[in-house]
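In the working numbering, the protein residues as written are 17 to 155. Report on the following structure.
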């Protein structure tokens, strides 16, 4: 099993939306199907899940979200050799994230395989205040 996690931008502003992509694959040469694979992602306190946003392979999917623990759970089902599941979900950056670099980790488990993790590259959060620039030209 291989797992990767990406976020759609390296720098964002407070209240921006981020889209996370988690890709889980069972190798082409695997000798077994990954059974009952599940993705769990504990969101940082500075992010809020956009409800209804989780998709698998581009289609709205079954998921659960515990607002208290901030754990998003997406069942991936069985993955045969050579198959891939891609999960995307959207979050909104809260004001408390200003000045931080946000990273989070997806944990993938299957009944017949060891747990694997993937962490995104991180998002630097700025305050969202307008930045004025001036250009002067003389003919």
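Ideal Cβ positions, reconstructed from N, Cα and C, are used throughout, including at glycine. The structure presented is a predicted model; accordingly, all values stated were derived computationally and were not measured.
Cβ-Cβ separation, residue j to residue i (assumed contact under 8 angstroms), whole Å
{"i": "residue 154", "j": "residue 23", "result": "No, residue 154 and residue 23 are not in contact; Cβ-Cβ is about 43 angstroms, not under 8 angstroms."}
{"i": "residue 19", "j": "residue 134", "result": "4 angstroms"}
{"i": "residue 86", "j": "residue 42", "result": "Rounded, the Cβ-Cβ distance is 28 angstroms, inconsistent with contact."}
{"i": "residue 34", "j": "residue 21", "result": "Not a contact, Cβ separation roughly 12 angstroms."}
{"i": "residue 95", "j": "residue 50", "result": "4 angstroms"}
Residues of its chain near residue i, where Cβ-Cβ distance is below 7 angstroms and the 5 sequence neighbours each way are ignored
{"i": "residue 235", "result": "Residue 235 lies beyond the range of the chain shown here (17 to 155); nothing can be said about it."}
{"i": "residue 48", "result": "128"}
{"i": "residue 77", "result": "70, 71 and 90"}
Other residues of its chain near residue i: CB distance less than 6 angstroms, five sequence neighbours each side excluded
{"i": "residue 103", "result": "38, 55, 72 and 90"}
{"i": "residue 27", "result": "140"}
{"i": "residue 46", "result": "97"}
Terminal residues of the beta strand (DSSP E) in which residue i lies
{"i": "residue 139", "result": "139 to 142"}
{"i": "residue 131", "result": "129 to 135"}
{"i": "residue 66", "result": "That residue, residue 66, is in no beta strand (DSSP E); it is neither H nor E in DSSP."}
{"i": "residue 57", "result": "50 to 58"}
{"i": "residue 6", "result": "Only positions 17 to 155 of the chain appear in the structure, and residue 6 is not among them; the question remains open."}
Same chain only: Cβ atoms within 8 angstroms of residue i, ignoring 5 sequence neighbours per side
{"i": "residue 131", "result": "123, 124 and 125"}
Closer than 8 angstroms to chain D by CB, residue i
{"i": "residue 75", "result": "Looking for chain D here will not work: only one protein chain is present."}
Query raised in the report: Between the stretch 65 to 74 and the stretch 109 to 122, are three or more C-beta pairs nearer than 8 angstroms?
Result: no
Report task. Please go through the stretch 71 to 127 and give each complete beta strand (DSSP E) segment of 3 or more residues, from N-terminal end onward. Result -> 80 to 82, 87 to 95, 100 to 109 and 121 to 126
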